[in-house]
Amino acid sequence: GYRDLFEAGVEHVILAGNWLWSDGSIIFPRKWMTIPLAEEIHNYAVKYNGSVSLGVVPQPFIVNSSRSLSDFATKAQATIKDYNADGLLFELWVKAVMPSGDQWNVVNNLTNITSTKLKSSRGYPATASFGGESLSSSLWEDLKVHQPWNYTDRDYCLLDTDSVDYKTQISVDWAENITTRLLNYSANISHLSFAIIPEGRYDNLTNAEPYRNLIDAGAPVSGDGHFKDFYYNSQKQVEEKAQLVANRSLHGLGILFPAFDLPPNNTSSLLHAALQG
Numbered sequence: 001g002y003r004d005l006f007e008a009g010v011e012h013v014i015l016a017g018n019w020l021w022s023d024g025s026i027i028f029p030r031k032w033m034t035i036p037l038a039e040e041i042h043n044y045a046v047k048y049n050g051s052v053s054l055g056v057v058p059q060p061f062i063v064n065s066s067r068s069l070s071d072f073a074t075k076a077q078a079t080i081k082d083y084n085a086d087g088l089l090f091e092l093w094v095k096a097v098m099p100s101g102d103q104w105n106v107v108n109n110l111t112n113i114t115s116t117k118l119k120s121s122r123g124y125p126a127t128a129s130f131g132g133e134s135l136s137s138s139l140w141e142d143l144k145v146h147q148p149w150n151y152t153d154r155d156y157c158l159l160d161t162d163s164v165d166y167k168t169q170i171s172v173d174w175a176e177n178i179t180t181r182l183l184n185y186s187a188n189i190s191h192l193s194f195a196i197i198p199e200g201r202y203d204n205l206t207n208a209e210p211y212r213n214l215i216d217a218g219a220p221v222s223g224d225g226h227f228k229d230f231y232y233n234s235q236k237q238v239e240e241k242a243q244l245v246a247n248r249s250l251h252g253l254g255i256l257f258p259a260f261d262l263p264p265n266n267t268s269s270l271l272h273a274a275l276q277g
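Its first residue numbered 1, the sequence shown is counted upward by one per residue in full-length UniProt numbering.
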């Protein structure tokens, strides 16, 4: 549960997968997040000196030609207060709803308002997460032009994409290449965290399997990230990325979909490797 994450040493939990609707309101699919549950998670965060953000996919708002930034500001502020959130994370990595071109101007407006106008009790107001796409992807041109990190307090780059083979994606070289690219674009990498998904895929990206299932099937916890036909982040790969984070003075390392991992208190979990570095 959430308590186990904070107890293990996680600093920032993101309650992701929600929508920023066309009218500026934040929608929780299937009402999965309730105010009592949010209060419970907030209390764990306070107890363990962590923080909690609400993750929102902003595409419905971005594509609404009559969108109102002031409506967003009013509604988001109310949601942050009601759900005891410490900030908003804008989820920009999902391929089907990734902003492109001038849509990044709307993203920058959203993060700028969140960072400068919205108040949360304990900080981390605006965070953006984008995917580490193939270095030839148009995403990089958009990032170079629109510099979204200039309007955020924190940034995440998810090391998961359908435009690069999986063996490459799990390598520390791939994370290093992205770090170099972002530095060349004048990004503030001290605010940047990488994130991984605890799963294995075939090299051609078919057939995903959660990390916990691979370990149950006999995959090495700290091997070279190859088991049968699967490539996966083992503890060794995660430790290499944690070392990169330390050496290049990045902000941190995160895990998306922690339910795919072994439990947080299990020393074979990827979370354990990320926290130990």
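Cβ atoms here follow ideal geometry from the backbone N, Cα and C, with glycine treated the same way.
Fair warning: this is a prediction, and the values are worked out from it, not measured in the lab.
Closest by CA to Gly-24, which one among Thr-179, Lys-241, Tyr-211 and Gln-59?
Gln-59
Should Val-63 go down as buried or exposed, given a rule of 16 or more other Cβ atoms within 10 Å for buried?
exposed
Taking the straight line between their C-alpha atoms, what separation do you get for Leu-250 and His-146?
21 Å
Here's the rule I'm using: 16 or more other beta-carbon atoms within 10 Å means buried, otherwise exposed. How should Thr-127 be labelled?
buried
What is the rounded straight-line gap between the Cα of Asp-82 and the Cα of Ile-14?
16 Å
With three or more C-beta pairs closer than 8 Å as the rule, is the stretch 147 to 161 touching the stretch 180 to 192?
yes
Quick check on this structure: which residue in Leu-253, Lys-228, Leu-89 and Ala-76 has the alpha carbon closest to the alpha carbon of Gln-276?
Leu-253
Check this for me: beta carbons of Ser-234 and Gly-218, under 8 Å apart or not?
Taking 8 Å as the cut-off, the beta carbon of Ser-234 is found no closer than this to the beta carbon of Gly-218.
Rounded C-beta distance between Ala-8 and Leu-271? I'm assuming under 8 Å.
About 6 Å; that satisfies the 8 Å criterion.
Does the stretch 132 to 141 come within contact of the stretch 102 to 121, defined as at least 3 CB pairs closer than 8 Å?
no
Boundaries (first-last residue) of the alpha helix (DSSP H) holding Leu-262
No alpha helix (DSSP H) contains Leu-262, which DSSP labels as neither H nor E.
Of the residues Leu-69, Asn-43, Glu-91 and Val-46, the one placed nearest Leu-256, counting alpha carbons only:
When each option's Cα is compared against that of Leu-256, the closest is Glu-91.
Our contact map puts Phe-260 next to Pro-210 with C-beta atoms below 8 Å; I'd like the distance itself, whole angstroms only.
4 Å
C-alpha gap between Ser-193 and Arg-30, whole angstroms
Their backbone Cα atoms lie some 29 Å apart in a straight line.
Which residues bound the beta strand (DSSP E) around Ala-195?
Per DSSP, Ala-195 belongs to the beta strand (DSSP E) from 192 to 196.
Quick check on the DSSP output: the alpha helix (DSSP H) that includes residue 282 runs from which residue to which?
No statement about residue 282 is possible, as the shown extent of the chain runs from 1 to 277 and does not include it.
Taking 8 Å as the cut-off, decide whether the C-beta atoms of Ala-195 and Val-238 are in contact.
no
Whole angstroms are fine: how far does the CA of Ala-242 sit from the CA of Asp-203?
23 Å
Have a look at Arg-181 and Trp-93 and give me their C-alpha separation to the nearest angstrom.
The alpha-carbon atoms of Arg-181 and Trp-93 are separated by roughly 17 Å.
Where does Thr-38 sit, in a helix, a strand or coil, going by DSSP?
For the sequence presented, residue 38 should be read as Ala rather than Thr. In the three-state DSSP reduction, Ala-38 falls in the helix class (H, G or I).
Give me the Cα-Cα distance between Phe-200 and Thr-111, rounded to the nearest whole angstrom.
Here residue 200 is Gly; the residue named in the question, Phe, does not match the sequence. Between Gly-200 and Thr-111, the C-alpha separation is close to 33 Å.
What first and last residue would you give for the beta strand (DSSP E) that runs through Ile-14?
For Ile-14, the enclosing beta strand (DSSP E) stretches over residues 12 to 20.
Taking the straight line between their C-alpha atoms, what separation do you get for Asn-43 and Gln-169?
36 Å
Would you tell me roughly how many angstroms separate the C-alpha atoms of Ile-27 and Ser-134, rounded to the nearest one?
31 Å
If you check the beta carbons only, do Tyr-232 and Leu-214 fall under 8 Å apart?
Result yes, Cβ atoms of Tyr-232 and Leu-214 sit closer than 8 Å.
Please report how far the alpha carbon of Asp-86 lies from the alpha carbon of Arg-122, in whole angstroms.
6 Å
Expressed to the nearest angstrom, what Euclidean distance is found between the alpha-carbon atoms of His-226 and Lys-167?
8 Å
In three-state DSSP terms, what is Ala-126?
strand
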